[in-house]
Amino acid sequence: MNKVLIIGSGGAGKSTFARKLAALTQLSLIHLDAFYWQSGWEQPSRESWRQQVIELACGNQWIMDGNYGSTLEDRLRHADTVIFLDTNRYRCLWRAFKRYVQFRNKVRPDMAAGCKERITWEFIRYIWFYPTKNKPMILAKINKHTTHKKLVVLKGKADIESYLEKITTLVTSNSYSGN
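Sequential numbering of the sequence shown, starting at 24, is according to this note's numbering.
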């Protein structure tokens with residue numbers, strides 16, 4: 024487990040989970056939101072974004088969280104472990120609103136400078152339709168690229184806590200070597 028890709032709906036808890044996993048494993052943490060967005064919520068060109076993701080994915084050891092379907096296959100090719108947070112849409116919406124209230128008029132730690140927290144109808148629709156629109160496409164890409172990789176599907180808080188406890192046990196018993 025040297026190159027870990029964490030994906031799931033907006034509000035699924037990807038960044039929080041990634042921070043916890045990185046603290047346990049000591050792998051470098053890459054929040055894609057911090058690289059994608061430019062000050063004032065400006066988007067990069069499709070080609071420059073893809074090139075940046077490929078450069079990040081070529082690193083030796085990392086935990087990378089985020090969606091960005093246009094670069095998912097590039098990230099899947101480089102990852103050795105894929106963790107899919109399969110979180111209920113209602114919980115995702117709740118977390119997105121909670122995050123907005125917590126960071127309103129501030130830049131959250133996993134976001135690019137100059138991007139104050141916001142919530143848009145587009146983002147709400149994305150979360151709402153994720154299970155029927157995005158999830159099937161993402162799962163198809165995961166299945167295509169993970170035949171020789173480790174795939175972990177975590178369906179909620181209990182699964183996430185159990186997985187982190189397992190990693191904690193491996194780390195504290197010196198059984199975790201990044202593989």
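For every residue, glycine included, the Cβ atom is placed at its ideal position computed from N, Cα and C.
Q) Opposite D88 in the DSSP bridges: which residues? A) Looking up residue 88 in the sequence shown gives position 65. I29 and H54.
Q | Coarse secondary structure for T104, derived from DSSP in three states | A | Indexing the sequence shown from 1 puts residue 104 at position 81. Here T104 carries a strand assignment [DSSP, helix/strand/coil].
Q | Limits of the unbroken alpha helix (DSSP H) element including V194 | A | Along the sequence shown, read from residue 1 onward, the residue named residue 194 stands at position 171. That run of the alpha helix (DSSP H) goes K180 to T195.
Q.
Rounded to the nearest angstrom, what separates L52 and M87 at their Cα positions?
A. On the sequence shown, residue 52 is found 29 positions in, with the first residue counted as 1. On the sequence shown, residue 87 is found 64 positions in, with the first residue counted as 1. So the alpha carbons of these two residues sit roughly 6 Å apart.
Q: Go ahead and label C115 buried or exposed: buried means 16 or more other beta carbons lie within 10 angstroms of its beta carbon, across all protein chains shown.
A: What you label residue 115 is simply residue 92 of the sequence shown in a count that begins at 1. It is buried - the Cβ of C115 has at least 16 other Cβ atoms within 10 Å.
Q. Should M24 be labelled buried (16 or more other beta-carbon atoms within 10 Å of its own) or exposed?
A. For the purposes of this step, residue 24 is taken as the residue at position 1 of the sequence shown. Buried, since its Cβ has 16 or more Cβ neighbours within 10 Å.
Q.
Considering only the alpha carbon of each residue, which of G31, A45 and L95 lies closest to L187?
A. Your numbering for residue 187 matches position 164 in the sequence shown. That would be A45, whose Cα lies nearest to the Cα of L187.
Q) In whole angstroms, what separates the C-alpha of E65 from that of A136? A) Numbered from 1 along the sequence shown, position 42 holds the residue referred to as residue 65. Numbered from 1 along the sequence shown, position 113 holds the residue referred to as residue 136. E65 and A136: Cα-Cα distance of roughly 11 Å.
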